[in-house]
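Heads up: the structure comes next, in structure tokens.
2 protein chains.
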Amino acid sequence: MVQFLNKSSNPGSGKTVSERMRRKSEARRLDILHAAARVFRRSGVAAAGMREIAEEADLSPGNLYYYFSGKDELLFFCQDRTLDRMLEAAETARASTIPVGDQLRAVIRAHLHYTLDELEGATAHLEIDMLAENLRRGIIDKRDKYELAVRALITKGVKRGEFAPCDAALVARAILGALNWTVRWYRPDGAQSVSAIAEGLANYLVRGIAAHPQETTVPVRAQSGGRK
Amino acid sequence: MVQFLNKSSNPGSGKTVSERMRRKSEARRLDILHAAARVFRRSGVAAAGMREIAEEADLSPGNLYYYFSGKDELLFFCQDRTLDRMLEAAETARASTIPVGDQLRAVIRAHLHYTLDELEGATAHLEIDMLAENLRRGIIDKRDKYELAVRALITKGVKRGEFAPCDAALVARAILGALNWTVRWYRPDGAQSVSAIAEGLANYLVRGIAAHPQETTVPVRAQSGGRK
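For the record, the sequence lines run as chains A and B.
When we follow the working numbering, the leftmost residue of the first sequence carries the number 915, and every step to the right adds one.
When we follow the working numbering, the leftmost residue of the second sequence carries the number 915, and every step to the right adds one.
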């Protein structure tokens, strides 16, 4: 499907005029996505309107429609980009040679970064029901793929003896639930940074299946020092 | 606020005529709530209409409005009842003399039972944004109270040395996120029963903070036998 935002295609073609134009258009589209994400966060996806998004992006409504066909498409791209990044993080973790517990921790950290720190992931990430059927399908497929990637990490950890034997599917869902729920309670002006939350959740959620949990840290607030 | 569904008031007044009528009216209201919950689950809260709910409850629309002023009020009562029951479960656990890990497990089990098994808790539980401001406030207060009850259990476990020192607020939110997220993926016709899911999640989520996690069970699918 539509994917010009995520691929830097034809790396060998040099900076031709059309390539520069394409990049400029992509940058413009990304600006618009960020503007839309700000409006989604501020007003809620249901209440956000194309006029408000156009204003936020400093565009005329007509100009906005030149880039995106409607709110549905904007929401789709916010979710699609976020999932692409999470899938990349899961693949990077999987391919690394660090202990599986650390791989899972890295995935958890990336997940929270992309949903809480990165503008287009925030809020919009969970509003999947608001997408039209044809767009929703693609997002659901990617979400399923991501869930399977998390589950595969857990299964690998069990096989290697790093994790205790467990129901990997159920644990993966518990982890994703704990992470996705942060969107409901996290406030950018709250007491804890995203990094601190990520560190705490990663430690707690990995400890629950660690074969030698005594060696892992439990999230302790404030006293843990150093971390940000 | 409105609360005639939850209190069996005046227990000493005997079964007078008005008492019987009150009970009958409450039973009728509960039937309607269950019908509304079925419609919410089937069509989604946003798409559900009072006409559809009336049909499901075998009432004329006019008769339905005699009992409930609108969809908003129906949604409110579904959520209010569910939260009351969860708060009761948390209080029962807190007041018991079993180990704190088992108290927390009991709360987790009750939470899943009330949100997945009990009709009025399902689906509607998370759609808080759809409530009008005046109704939402009461629900948010109860949710906060419930979250604090879960947090207090964790703090108690830490004090007693049953749990490792941890950020109780963050762990409580992780637990509630993992539990609330089940509404998104649980299917009544799926492979695992609510009890099996509850058992698995309780073990995983408590093990993550247990002071002696080696002694606790990790959720293992199928092989665990006996449980249902």
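Ideal Cβ positions, reconstructed from N, Cα and C, are used throughout, including at glycine.
is_contact[residue i, chain B] using C-beta, thresh 7 angstroms
{"i": "Pro-1127 of chain A", "result": "yes"}
{"i": "Ser-922 of chain A", "result": "With a pLDDT of 43 at Ser-922 of chain A, under the threshold of 50, the predicted position of this residue should be treated as unreliable, though the coordinate-derived value follows. Ser-922 of chain A does not count as touching chain B."}
Under 9 angstroms by beta carbon: chain A residues contacting residue i
{"i": "Thr-1096 of chain B", "result": "Arg-1087, Ala-1088 and Gly-1091"}
CB contact below 7 angstroms: residue i versus chain A
{"i": "Val-959 of chain B", "result": "no"}
Residues near residue i by beta carbon distance below 8 angstroms, same chain, minus five either side
{"i": "Glu-970 of chain B", "result": "Ala-949, Ala-950, Arg-952 and Val-953"}
{"i": "Ala-1003 of chain B", "result": "Ala-1020, Val-1021, Ala-1024, His-1025 and Tyr-1028"}
{"i": "Met-964 of chain A", "result": "Pro-975, Leu-978, Tyr-979, Gly-984 and Lys-985"}
{"i": "Val-931 of chain A", "result": "none"}
Contacts around residue i, its chain only, beta-carbon distance under 6 angstroms, and the 5 residues preceding and following it disregarded
{"i": "Ala-1020 of chain B", "result": "Ala-1007"}
{"i": "Leu-1018 of chain A", "result": "Leu-1067 and Val-1120"}
{"i": "Ala-1112 of chain B", "result": "Arg-1023 and Leu-1026"}
{"i": "Ser-939 of chain B", "result": "none"}
{"i": "Arg-1065 of chain B", "result": "Ala-1082, Ala-1083 and Ala-1086"}
Candidates the options: closest to residue i by CA position
{"i": "Cys-992 of chain B", "options": "B:Ala-1078, B:Met-1044, B:Arg-1121 and B:Asp-1016", "result": "B:Met-1044"}
{"i": "Ala-1063 of chain B", "options": "B:Trp-1099, B:Ile-1022 and B:Asn-1048", "result": "B:Ile-1022"}
{"i": "Pro-1079 of chain A", "options": "B:Tyr-1118, B:Thr-1069 and B:Ala-941", "result": "B:Tyr-1118"}
{"i": "Arg-1087 of chain B", "options": "A:Arg-1087, A:Val-1097, A:Leu-947 and A:Leu-989", "result": "A:Val-1097"}
{"i": "Arg-1124 of chain B", "options": "B:Val-931, B:Arg-934, B:Asp-1055 and B:Val-1085", "result": "Looking at the sequence itself, residue 1124 of chain B is Ala, so the reference to Arg does not match. Closest by alpha carbon: B:Val-1085."}
{"i": "Leu-944 of chain A", "options": "A:Val-1014, A:Ala-1009, A:Ala-962 and A:Ile-967", "result": "A:Ile-967"}
{"i": "Ala-1046 of chain A", "options": "A:Phe-990, A:Ala-962 and A:Leu-1001", "result": "A:Phe-990"}
{"i": "Arg-956 of chain B", "options": "B:Gln-1106, B:Pro-1127, B:Pro-1102 and B:Leu-1115", "result": "B:Pro-1102"}
{"i": "Gly-1114 of chain A", "options": "B:Ala-1116, B:Asp-1081, B:Thr-996 and B:Tyr-1100", "result": "B:Asp-1081"}
{"i": "Ile-1012 of chain A", "options": "A:Gly-1071, A:Ile-1054, A:Arg-995 and A:Asp-1031", "result": "A:Gly-1071"}
{"i": "Ala-1083 of chain A", "options": "B:Glu-1076, B:Arg-1065 and B:Gln-1106", "result": "B:Gln-1106"}
{"i": "Lys-1073 of chain B", "options": "B:Glu-1032, B:Val-1014 and B:Leu-973", "result": "B:Val-1014"}
{"i": "Trp-1099 of chain A", "options": "B:Ile-1054, B:Ala-960 and B:Arg-934", "result": "B:Ile-1054"}
{"i": "Arg-995 of chain B", "options": "B:Glu-1032, B:Gly-1091, B:Glu-933 and B:Glu-1076", "result": "B:Glu-1032"}
{"i": "Leu-973 of chain A", "options": "A:Arg-942, A:Ala-961, A:Ala-962 and A:Glu-1076", "result": "A:Arg-942"}
{"i": "Gly-1104 of chain A", "options": "A:Asn-1048, A:Arg-1065 and A:Leu-1030", "result": "A:Leu-1030"}
{"i": "Pro-1127 of chain A", "options": "A:Ala-1009, A:Ser-1010 and A:Gly-1075", "result": "A:Gly-1075"}
Amino acids of chain B, ordered along the chain, whose beta-carbon sits closer than 8 angstroms to that of residue i
{"i": "Arg-1121 of chain A", "result": "Arg-1121, Gly-1122, Ile-1123 and Pro-1127"}
{"i": "Ile-1189 of chain A", "result": "What the structure shows of chain A is the stretch from 915 to 1142, and residue 1189 of chain A is not part of that stretch, so it cannot be assessed."}
{"i": "Tyr-1118 of chain A", "result": "Cys-1080, Leu-1084, Val-1085, Ala-1088, Gly-1122 and Ile-1123"}
Beta-carbon proximity list for residue i, same chain, < 7 angstroms, skipping 5 on both sides
{"i": "Arg-982 of chain B", "result": "Per the sequence shown, residue 982 of chain B should be read as Phe rather than Arg. Taken in chain order, the residues that qualify are Ile-946 and Leu-988."}
{"i": "Arg-1057 of chain A", "result": "Leu-997"}
{"i": "Met-1000 of chain B", "result": "Ala-1024, His-1025, Tyr-1028 and Tyr-1060"}
{"i": "Arg-937 of chain A", "result": "none"}
{"i": "Val-1108 of chain B", "result": "Leu-1026, His-1027, Leu-1030 and Asp-1031"}
Contact set between residue i and chain A, taken where Cβ atoms lie within less than 7 angstroms
{"i": "Gly-1114 of chain B", "result": "Asp-1081 and Leu-1084"}
Please list the segments of the alpha helix (DSSP H) lying wholly inside the region 1005-1035 of chain B, counting only runs of 4 or more residues, in order along the chain.
1014-1026
Could I get the ranges of all uninterrupted alpha helix (DSSP H) runs contained in the region 921-1001 of chain B, with 4 residues as the minimum, in chain order?
931-957, 964-970 and 975-981
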